[in-house]
Amino acid sequence: MKIIKNKISLGIRNEITHFKKNWQLTAIAIPAIIMIFIFNYLPLYGLIIPFKNYIPRLGIAGSEWVGLQNFEFLIKTGTIWDAVFNTLAYNLVFLFVGVMIEVCVALMLYELSKKAVKVYQTAMLVPYFLSWVVVAYVLNTLLDKQHGILNNIITFFGGSEIMWYNEPKYWPVIIILSYLWKQVGYGAIVYLASLSGLDSAYFEAAKIYGATKLQQIRYISLPLIRPVITIMLILGIGKIMKGDFGLFYNVTMDSPLLYPTTDVIDTYVYRSLMNVSDLGMSSTTGFVQSVVGFILVITTNHIVNKIDPSNALF
Amino acid sequence: MKSIKKLIMTISAAAMLAAAVAGCGPAKEADEIPTLTWYMPKSIENMSSQQLVEDEVNKIFEKEVGARIKLNLIDNASWVEKMNVVINSGEEFDLVFADWGNATSVRVNAEKGTYMDIKDLVEKYGQDIKAKADPRAWQFMTFNDQLLAVPSQGKYVTEIGWTFKKDLAEKYNFDYKSVKEPKDLEPYFDTLLANEPGIIPCLGISFPPPEKAYTDVVGIPGVMFDEEQEKYIKYYDIPEYREEARLKHEWYKKGYIPADALTLNNAETYRTGKVAVMKDAGAITEDGSKSSASYGFPCADIRVGVKNTVNGDTFRGGQAVSITSKHPEKAVQVLNLIWKDPYISNTLAYGIEDVDYVYESGKGTDNPTVIPKEGSERTWALWHNYIGPLFDQWDSSWNSTEALQKMQEMNNNLTISKQSTLVFDTSSIKAEIAALSEVRKASQKVFANGAMPDFDSYMAEYENKLADAGIDKVIDELNRQYREYKAAK
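Protein chains in written order, with the numbering used here: chain A, 35 to 348; chain B, 1430 to 1918.
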């Protein structure tokens, strides 16, 4: 017992000496630490709002504690489960297909000359900076009933117009394509950066021994960027319960007939509460989404730790 | 040791800097005249005359009241969201437009305690308001014996009107004046479909209301109050509304209502001039003037029905004083002056002479006729019934004096719903109401345009969803509260 205590105090003393030596380095991080503290840690206090009957006049602390009452509406009807299913399904596809394509794009960009990379990368990044509202109108020029390019092509070849915004069956594909179009350019940057950081000696050696491009990718690039891919996946899993409101609300033009395949938790809750104006109830969704995300990140990280500790996030 | 001290100093210096930045509000004004912050929704997008309008009215306010106003104009689209933030964060402001059932409504905010009780202040400073505001309206602004807002004058009954694009109606010699019910439109629609390929026969119109009186239940979607039976019922249990939905679906299938109606913005589509029969923009005088001005081409109006029985929320547009206001007395005095002096209310509404309107006649008198700028030339507009004294409005294309008189006449003949002063205690059915809102919101547009794949199966599914959402529990609870309310009265 005493030995352990001694060890701990030794450890702390070590830390202090360590800190004394290097405090300048910590000081550099102070602005960031303060920012994170103000914007990410202080608001954590608001996590008790979902459990309160929040009345502005009384403040957060003064409002009445109501336990789980605010959460009732989330599970009241069966309909939210469709939205939950859609949210999870889309996010899983976004996560895994997204990472796959992003890595592919990064690998392709890596093979290009510096100038060409700039051109391609810029072209692929532009959609990322468009808001979903703009994307929705871009898509509308393709899908509009009368003036849409797709319907014009279809009728030109003798087909009959498709009412895109009334037919839920097409939308999983449309949503996923829109997401990838907007996201892939940005996502690929991380992988391209870590590819650029690799020691070129590996590739030179492989070339000398006659490895093909595909073999280089299979045996050098992919294994070396695996930690990055794993970390991105773990982080992505934390957001799996959050439906991107901008995407699902705007791109579908909020057409009610599409809800069976496009309604996600966030759009569902928006419809439930937009006229209710109750902060307690509206903050429950974010609470549940964050808690589930938190648990998933911890669990996934734990599993990754079991398999290969060097790939884990922490 | 020294280095730690330094570190602490650095951290505290940084923290102080952060606090200073965060706490840095507008500098305190040296003079004594307070400025009242006033939240209003924008009536039009471009409000660039704001400074001119404020300067003009502040000249009078400074002299008469000893206060200035500063308008905080919020886009209509983000009004609900922004005002929720303002209210929920306890921000300091003075005046706000209390809307009819959204974020700033007195009914929604009564429990929250957002607004100040101005009963005594209105008694003391609000003589001109009391003289002009509708005497029936005050009770709806009063909760627990506290007066939470000044009720605006308004058009309290809803008239249902249809607007015809005039050139088309004339081209096909359609006698729109003889139209009495939806079926009468069908031959016209058939003619249009046969001859005018680019034209949408009809979009976004409502049908005449049922013979019997039903009123909305404020804040609870999908439920209506039957005035005769004195009980709450489901919206589509009223045969007329169910029939309207069914007929609209027929129209949708026949192509009278366009196949892409669900993703069209009605108001924007009207302005393209491609719709033959539209919802009216105000068919009070049936001369088409208001619709022509709103949609931008010659229109003809007919009135097909009036909802003559109204509930409490109808009266609840008005101006409220925030509980966070430091100058409630000045705020009420400012409001009273607006009600007293038509020049102020009309300046707040129409803007500045020559910039936003010109006089047609009667300049300097109490009842001039003005011509407000239209379209892209417009740099200011606040609707009179948001500000307060609607019937002090100067004659213009917004509302003619004749229309205003007609509105007052209609107001005098209305019936107030039997459930009008009942304020529900929704604490036990909150979750159900949220669920009902979702079901209603998800289906409303589909019903309004008849745009379902199959009517009977869609209706059955909708009714199942309502049942799942707990509509029976809600209706039972409402009926119980109504019986208690009636017994207590």
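Note that the Cβ used here is the ideal one computed from N, Cα and C, for glycine as well.
Taking a C-beta distance under 7 angstroms as the contact criterion, glycine 1711(B) and lysine 1719(B) qualify as a contact pair.
For the 7 angstroms CB-CB criterion, asparagine 1765(B) and aspartate 1523(B) do not form a contact. A distance below 6 angstroms between beta-carbons, with the five flanking residues on each side excluded, links tryptophan 1812(B) to the following residues of its chain, in chain order: Ser1472. Aspartate 1709(B) sits buried, since 16 or more C-beta atoms from the chains shown fall within 10 Å of its C-beta. For isoleucine 251(A), the closest alpha carbon among the candidates Leu232(A), Ile265(A) and Ile268(A) is that of Leu232(A).
Shown here for asparagine 1796(B): same chain residues with a beta carbon closer than 8 angstroms to its own, the five before and five after excluded, namely Trp1823, Asp1824 and Thr1830 in chain order.
The beta carbon of lysine 179(A) falls within 7 angstroms of a beta carbon belonging to chain B, placing the residue at that interface.
The Cβ atoms of tyrosine 1670(B) and glycine 1651(B) lie no closer than 7 angstroms to each other. Along the segment 164-246 of chain A, the alpha helix (DSSP H) occurs as fully enclosed runs of 4 or more residues at 166-177, 183-190, 205-230 and 234-242, listed in sequence order.
At a cut-off of 7 angstroms between beta carbons, alanine 1860(B) contacts chain A.
A straight-line Cα-Cα distance of about 21 angstroms links methionine 308(A) and isoleucine 1904(B). Proline 1463(B) and alanine 1496(B) do touch by the CB rule: their CB atoms are close to 5 angstroms apart, below 8 angstroms.
Nearest CB-CB separation between valine 310(A) and chain B: below the 7 angstroms threshold. According to DSSP, residue pairing for proline 84(A) in a beta bridge does not occur. Here tyrosine 243(A) is exposed: its Cβ has fewer than 16 other Cβ atoms, across all protein chains shown, within 10 Å. Listed in chain order, the alpha helix (DSSP H) runs fully inside the segment 253-326 of chain A are 256-271, 293-296 and 299-307, counting runs of at least 4 residues. With fewer than 16 neighbouring CB atoms inside 10 Å of its own CB, serine 234(A) falls in the exposed class. In this model, phenylalanine 1853(B) and glutamate 1510(B) are separated by some 24 angstroms (Cα to Cα).
A buried status is given to valine 1537(B), since no fewer than 16 other beta-carbon atoms sit within 10 Å of its beta-carbon. DSSP, read as helix, strand or coil, puts isoleucine 1858(B) in coil. Residue nearest to asparagine 1694(B) within the set Tyr1554(B), Met1707(B) and Ser1478(B) is Met1707(B) (criterion: CA-CA distance). DSSP, read as helix, strand or coil, puts methionine 1653(B) in strand. For the 7 angstroms CB-CB criterion, alanine 1729(B) and phenylalanine 1593(B) form a contact.
At least one C-beta of chain B is nearer than 7 angstroms to the C-beta of phenylalanine 107(A). Identification of residues in the segment 82-102 of chain A having a C-beta nearer than 7 angstroms to some C-beta of chain B yields Ile89, Pro90 and Arg91, given in sequence order. Within the model, the alpha-carbon separation for alanine 1623(B) versus arginine 1700(B) is close to 23 angstroms.
One finds nothing in chain A with a Cβ atom closer than 8 angstroms to the Cβ of isoleucine 1900(B); even the nearest lies about 11 angstroms away.
Rounded to the nearest angstrom, the Cβ distance from phenylalanine 282(A) to threonine 301(A) is 5 angstroms, consistent with a contact under 8 angstroms. Using beta-carbon distances, serine 344(A) does not count as an interface residue toward chain B, since no partner is under 7 angstroms. Taking a Cβ-Cβ threshold of 7 angstroms, none of the residues of chain A is close to lysine 1918(B); the smallest such distance is about 28 angstroms. Counting every other CB atom within 10 Å of its CB across the protein chains shown gives arginine 1909(B) a total below 16, marking it as exposed. Along the segment 179-194 of chain A, the positions whose C-beta sits under 9 angstroms from a C-beta of chain B are Lys179 and Gln180, read in chain order. Close CB contacts of isoleucine 268(A) within its chain, under the 7 angstroms cut and outside five residues either way in sequence, are with Val331, Thr334, Asn335, Val338 and Leu347 (chain order). Look at the segment 1701-1723 of chain B: it has no residue with a C-beta under 7 angstroms from a C-beta of chain A. Proximity of the segment 48-64 of chain A to the segment 1490-1507 of chain B falls short of the contact definition, fewer than three beta-carbon pairs being nearer than 8 angstroms. Considered as a whole, the segment 1546-1622 of chain B harbours 1548-1554, 1556-1561 and 1595-1600 as its complete alpha helix (DSSP H) runs of no fewer than 4 residues, in chain order.
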